[in-house]
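First the structure, in the form of C-alpha cells, and then the observations on it.
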Amino acid sequence: MRHQLGKVGYICFVLLLLFDSTFEQLVSWQEERLALLQLRSSLGLRAREWPIKGSPCSDWKGLTCKNGRVTEINISGFKRTRTGSQNPQFLVDALQNLTLLESFNASHFALPGSLPEWFGIRLASLQVLDLSFCSITGAIPSTLGNFSSLAVLYISNNGLSGMVPSSLSQLSKLSVLDLSHNSLGGPIPASFGSLGNLTLLDMSSNFLSGAISPVIGDLSQLKFLNLSNNSLSSFIPAQLGDLSNLVDLDLSLNSLAGVVPNELRELRNLRRMTIGKNSLSGSLPGDLFVPLTQLQFLAIDHNNFTGSLPDVFWSMLGLQFLDASVNNFTGTLTSLGLNVNFPSAAFKLSQNMFYGNLPPVIRRFSFLDLSDNYFQGKVPEYRQSNVSLNRNCLQRLESQRNTSECASFYDERGLIFDNFGVSNAMEPPAPKSDKKSHRNVITLAAVLGGVGFITIVIIFVVLLIICCCKRGAMNQKVTGLEPVPTSASPTAPPGVSLNFSSLGEAINYQQILQTTGDFSDANLIKHGHSGDLFRGILEGGIHVVVKRIGFSSVKKESYLLELDFFGKVSHSRVVPLLGHCLENENEKFLVYKNMPNGDLSCALFRKNISDDDSLQSLDWITRLKIAIGVAEGLSYLHHECNPPLVHRDIQASSILLDDKFEVRLGSLNEVCAQEGDTHQNRISRLLRLPQTSEQEALDIRSATCAYDVYCFGKVLLELVTGKLGISASSDATMKEWLDKTLPCISIYDKELVTNIVDPSLIIDEDLLEEVWAVSIIARSCLNPKPLRRPLMRYVLKALENPWKVVREEHTSSERLRATSSRGSWNATLVGSWRHSSSDVAALPVEQANKVEGASSFKTSATTVSQGSGQIAEGGHSFSTRRQAKEIFPEPLDVQHVTKTCDE
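Going by my numbering, the letters in the sequence shown line up with residues 449 to 1351, in that order.
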C-alpha cells in the first residue's frame, strides 16, 4: 500500500514539474507576444508583414521560433505604415523582453536616432546584429562591448560619429565587424588586436586618423581588411605580413607614406591588394610579388613610386587587374613582348614616365592603357581597340605630346629623341595618308570639280542666308541680359547669363590651396580633358573634388558654359556644384561634391568585401541600377530641358557614383543646347548631313541626342561584358570589337549572349533574361543610322522593365502590317533588323512571337523586374494588354530626333 502511494506521489510530483514548466513556457510566450506587439507598434510595421490576428511564429514574416520562443527577427527592407513613416524613430525597447533572441536584422529599415545604452546589456544571447543602412546617428555606445555572444556586427552606411570605442575589443567571439561608411573619427583602437576570431574588418569611408596600429597583425584569422578612404597616415606596418590568411587588403585613399614593406611577401593567400591614392614612394622590388602567386587584383595607382616596373608582373598569369597609373615609374617596357597572354586582364600604366620604343609584339589583353607616357618610334602592327596610346611621342599617331615636351624629357635624361621621325619638326606631324589613295582623291576631285562648283556656291549662299536669320533671332533673344555683377567675375560669352547666387559658395584662392594641400600629387585624382581634378576637404569635413582649369590647355569659355549649365539646370542625376573660385586670371576652380565610389571605370570591379568571393565585381542589380540612373539623367537633358541639351561626353569616366551607387553625371563642359528644327525650312534639313557611327567611332562629337544614345549604348555593353575602356574608346578599331560582339546579341537566341557576359557576374536564369534584354537595348542604341536609334525616354522605359523587351505578350501579324503602314517605331526596328546585318535594333513583339521558343507571360498590375526592383515609369505598372511599343513607342515627328546646335 505504501509502495503504491509512493508511486502515486512520484507521478504527481512529475506532473507538477511538467505543469510548472509548461506554465513557465506559457508565461514566457505571453510576455514575448506582448513584446512583439509593442515592437510592431513602435516601429509602425504593416499588417501585411505582421498581421495582428495571426500567430507570430507561423504567420509573421521574418520571424524564427524554436520551441515556441523567438530566436531571430528579420525586418530588412520592411516598410512602415503611413502613420509610422511620419515620425520614424529608433524605438526597439521591446527587444529587451526577447531573452533568447539570437539574431536581429533591420538593414535598410529607417531607424533614425542613436543606439541605446542597454543594447549590449539586455540582449545577452544575441549573436548577429545587422543595422546597416538604418540612418542611425550619434556615437557607438561603449556598452556594445558587453555582447558576450556576438559574432557578427554590421552598422555600416549610417551617420555614426565620434570615436570607435575600445570596448568593442571585448567581443571575443566576433568574426565580422563592419563600421564602414560612417563619420567615425580618431585612431583605430590598439586593443583591437585581441579580436582573435575576426575574419572581416571593414572601417572604410570614415574619418579615422593616425597610424595603422601594428596590433592588427595579431588578427591571425583575418581574411578581409578594408581601411580605405580615411585620413590614416604614417607607414604601412610590417606586421600586416603576419596576416597569413588575408585574401583582401584595401588601404587606398589615405595619406600613407614611405615604402611598401617587404614583409607583405608573406601574404601568400592574398588575392586582392589595393594601396592606391596614397603618398607611398620608393621602388617596388620584384621579389616582393614573386611569392604572391594567388594575387589577381593589384591597385598601386596615384602614389609616388619610382624606378622601373617589376618584370614579375608579366609572368603572373593569375593577375587580372593591375593599376599602376599616376606614379613616377620610368624605364622601358620591353617585357611587354613576353610570350604570355592576358586575355581577360586589364592593365593601366598611364601617367608615368615610361619611354623608348614599344616592343614589336604585345600579347593579348582585355584592356591596356599606356597613355600619358613618353614612348617614341613607330606604332607596331599590334595596335588594337583595347590598347590606348594617347599623349606619347609616337610617330604617325594623333593625340600625342608636342615636340618640346618630348624633346625636353629625353634631353633631361641624356637620351636620344627621334623627333617623330622627321627633322626640325615643331609639332607631331599628322598621320600620312597613302600616296596612291591621295592621287585618287585628287583625280576624282578634278573630274567632279566642275560639276560640283556651282552646287557648292548655291549651298553656301543658302546656308549663309539661314545662318544670318538664326543669328538675328538669337541676338533678339539675348538682348537685355544682365551683366555679371562683380568685377572679379568674368565676362560671359554671348548667350550666357551667369547667376552666381545659384552656383554655390564663392571660395577664395587660399581656401582652395588649403583644401587641396597646395595641389599636392597625393590629392591628384586625374588629368581630365577639361582640367586637373584634386580631392580635398572643406571646413566642416565636407569631402569635395576641385577642378583646376588652366586656359593654356582648354578653351577659355568652357568653364563659363559649365557654370551657365549649373545656373539653369538642377537635377538629382547631375553632380552637385558646391562652389567656385574665379579670382585668378589664368586659372579658374570649380568645386563639386565628392562621389565616394568614384566613376564607373574605377567602380566596375570594386567588390563588396562582405561577400565570400574577394574578386566579386559589381553585381548585376547594381549595374542595372547604374544604367537606369544614366538613362534618367540623359532623358531629363533630352526631353525635359528646353531647348534639349546634349551631354556629348557619355562614357564610364563621366558617370559618377555616390556612396549608394546612385548616378551623378559629370564632365559637363561639353554640354550643348540642341537647336530644334522647327525654325528650319525643308532646304536646310535636306542640306544637313547626318552623322554615322563611323564618324562617332572616331570621336567626332555630335551635338545631337542620337549621339548621346550611341555613347550610352557603349556604356551598356561595358556593363554587360565587363570590358573596361569600351565607352571611352574612340579608335576606329573599336568597330572590329563591335563586329565581333554584336552578333552575339540576337532576339532569336538568349543563349548567344552568354558568350559576351562578364564572367565575374553571378546570374540565374531570370537575371540572364534581364542581361539579354539590356544587350538588345544596347544594340538598338548602337544602330549606325542615327534616325533608327530609340529616343532616350523609350530607352529608360525599356531599362525599367527589361523583361517586357523579351517577354511581352504579343499580338498577331495583322497588327504588324497595320502599324507598318504608318511607319511606327516597331516597323522601323523590323526593317533595321531584317535588311542590314550591321544595323542594330530589337525586333517588334509581333515578330518575336513567331520565333520558335519565344516565351510570353502575363503579369499583374504590379509586375516589377526581378533583381532590379524597378517599377515602371511614374511608379505605375504596365498592363499586359499594352503592347511593347510602350517601351519602344512610335516616335514624334522626325524633326524631334535629328536636332543640331552651333558649337
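Idealized CB from N, CA, C, for every residue including glycine.
6 Å Cβ shell around residue i - same chain, five flanking residues per side excluded
i	result
Gly1114	Val1023, Ser1102, Leu1104
Thr722	Asp698, Ser700, Ala747
Leu579	Ala554, Ile603
Val1163	Ser1175
Pro613	Ile588, Ser590
Ser682	Ala659
Asn1117	Ser978, Ser1006, Glu1010
Ile1098	Asp1156, Cys1159, Phe1160
For residue i, three-class secondary structure by DSSP
i	result
Tyr1007	helix
Asn1045	coil
Ala747	strand
Ile1193	coil
Cys1120	strand
Gln534	helix
Glu497	coil
Leu549	coil
Ser590	helix
Val663	helix
Thr585	strand
Gly644	coil
Gly510	coil
Ala599	coil
Ser1102	helix
Glu565	coil
Phe967	coil
Asn752	strand
Thr1070	helix
Glu520	strand
Gly869	helix
Asn710	helix
Glu1080	helix
Glu860	helix
Asp1214	helix
Leu740	coil
Cys854	helix
Proximity of residue i and residue j at Cβ, strictly below 8 Å
i	j	result
Asp626	Ser604	yes
Gln708	Ile684	Note that residue 708 corresponds to Val in the displayed sequence, not to Gln. Yes.
Gly1173	Asp1206	no
Leu981	Val992	no
Arg570	Gln544	yes
Met644	Gln618	Just to set this straight, residue 644 is Gly in the shown sequence, not Met. No. Outside cutoff.
Asp1106	Asn1203	no
Ser583	Pro564	no
Asn834	Ser847	no
Thr1189	Leu1165	yes
Leu736	Asn702	no
Tyr803	Leu863	yes
Inter-residue CB distance, residue i and residue j (contact presumed, cutoff 8 Å)
i	j	result
Thr782	Pro807	6 Å
Ser1208	Ser1049	Contact flag wrong, Cβ pair sits at about 16 Å.
Met1026	Glu953	Reading the sequence as shown, one finds Leu at residue 1026 and not Met. About 7 Å; that satisfies the 8 Å criterion.
Cβ neighbours of residue i in the same chain (closer than 8 Å, five flanking residues each side left out)
i	result
Ile1057	Only weak support exists for where Ile1057 lies, its pLDDT of 49 falling under 50; the value from the coordinates is given anyway. Taken in chain order, the residues that qualify are Leu648, Asp650, Phe672, Asn674, Asp696, Asp698.
Ser631	Gly607, Leu608, Ser609, Asn654, Phe655, Gly989
Arg716	Ser692, Pro739, Leu740, Thr741, Gln742
Gln669	Ser623, Gly644, Asn645, Leu646, Thr647, Asn693
7 Å CB neighbourhood of residue i in its chain, flanking five on each side removed
i	result
Phe567	Pro589, Thr591, Leu592
Phe526	Leu493, Glu497, Phe557
Ser642	Ser617
Thr531	Gly492
Test: residue i CB closer than 8 Å to a CB of chain C
i	result
Ile985	Although the question refers to chain C, the structure presented lacks it and comprises just one protein chain.
Cβ-heavy atom distance, residue i to the ligand NAD, below 7 Å
i	result
Leu646	This structure does not include the ligand NAD; it has no bound ligands of any sort.
message = Can you confirm whether the stretch 763-781 touches the stretch 795-815 when touching is taken to mean that 3 or more C-beta pairs between the two stretches lie within less than 8 Å?
response = yes
key: the stretch 652-669 touching the stretch 630-637, judged by at least three CB pairs closer than 8 Å   = yes
request  = Would you check if there are 3 or more beta carbon pairs closer than 8 Å linking the stretch 744-762 to the stretch 716-730?
outcome  = yes
message = For the stretch 1075-1090 against the stretch 1234-1253, do three or more pairs of beta-carbon atoms, one drawn from each stretch, fall closer than 8 Å, so that the two count as touching?
response = yes
query = Between the stretch 753-770 and the stretch 730-740, are three or more C-beta pairs nearer than 8 Å?
reply = yes
inquiry  = Taking 8 Å as the cut-off, does the stretch 1210-1226 touch the stretch 1242-1256 (at least 3 CB pairs, one atom from each stretch)?
reply    = yes
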